[in-house]
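Residue numbers (the numbering used here): 249 to 340. Here is the structure we will look at.
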C-alpha cells in the first residue's frame with residue numbers, strides 16, 4: 249500500500265490560509281508558520297504528520313497528498329477540519 253509523509257498548516261478560514269500561502273510563496277519557513285498558526289496539534293512539530301498510508305486521511309487531504317506534487321505547498325484544501333496548506337515530503 250502507498251505511504252507518504254507530509255506537513256500541513258491547518259487554519260479555520262480560507263482568508264487565513266490564503267494569507268499564509270502568500271507568505272510561503274515568498275519564501276517564509278513552512279515549519280515556523282505551522283508552529284505559529286496551525287490549529288492542529290501537529291503544529292507544535294512544525295506541522296509534521298509523519299508517515300501515513302493512503303486512505304488514512306480524509307478524502308480531500310488524501311487526494312492532495314497522493315496526487316499532488318512533492319515539496320510544493322498545495323492549498324488551501326478544504327476539509328471538515330478547516331483549510332489546509334500541505335507540503336508532501338515523500339511518497340512510496
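Every residue gets a Cβ at the ideal spot worked out from N, C-alpha and C, and that includes glycine. This structure is a prediction, so every number in the text was calculated from the model and none was measured.
Proximity winner among the options, relative to residue i (alpha-carbon distances)
{"i": "residue 286", "options": "271, 311, 265 and 320", "result": "265"}
{"i": "residue 339", "options": "317, 332, 278 and 322", "result": "317"}
{"i": "residue 321", "options": "305, 271, 263 and 260", "result": "271"}
{"i": "residue 273", "options": "306, 253 and 324", "result": "324"}
{"i": "residue 331", "options": "309, 337 and 313", "result": "309"}
{"i": "residue 281", "options": "297, 298 and 258", "result": "258"}
{"i": "residue 249", "options": "335, 300 and 334", "result": "300"}
Residue i - partner residues in DSSP beta bridges
{"i": "residue 264", "result": "Bridge partners of residue 264: none, in fact."}
{"i": "residue 345", "result": "Because the chain is modelled from 249 through 340, residue 345 falls outside the range shown and cannot be assessed."}
{"i": "residue 270", "result": "None; residue 270 has no bridge partner."}
Extent of the continuous alpha helix (DSSP H) run through residue i
{"i": "residue 313", "result": "307–315"}
DSSP state of residue i mapped onto helix, strand, coil
{"i": "residue 277", "result": "coil"}
Host beta strand (DSSP E) of residue i (start-end)
{"i": "residue 335", "result": "330–339"}
{"i": "residue 323", "result": "321–327"}
CA-to-CA distance, residue j to residue i, given in whole angstroms
{"i": "residue 328", "j": "residue 295", "result": "18 Å"}
{"i": "residue 278", "j": "residue 251", "result": "22 Å"}
{"i": "residue 304", "j": "residue 283", "result": "23 Å"}
{"i": "residue 291", "j": "residue 315", "result": "23 Å"}
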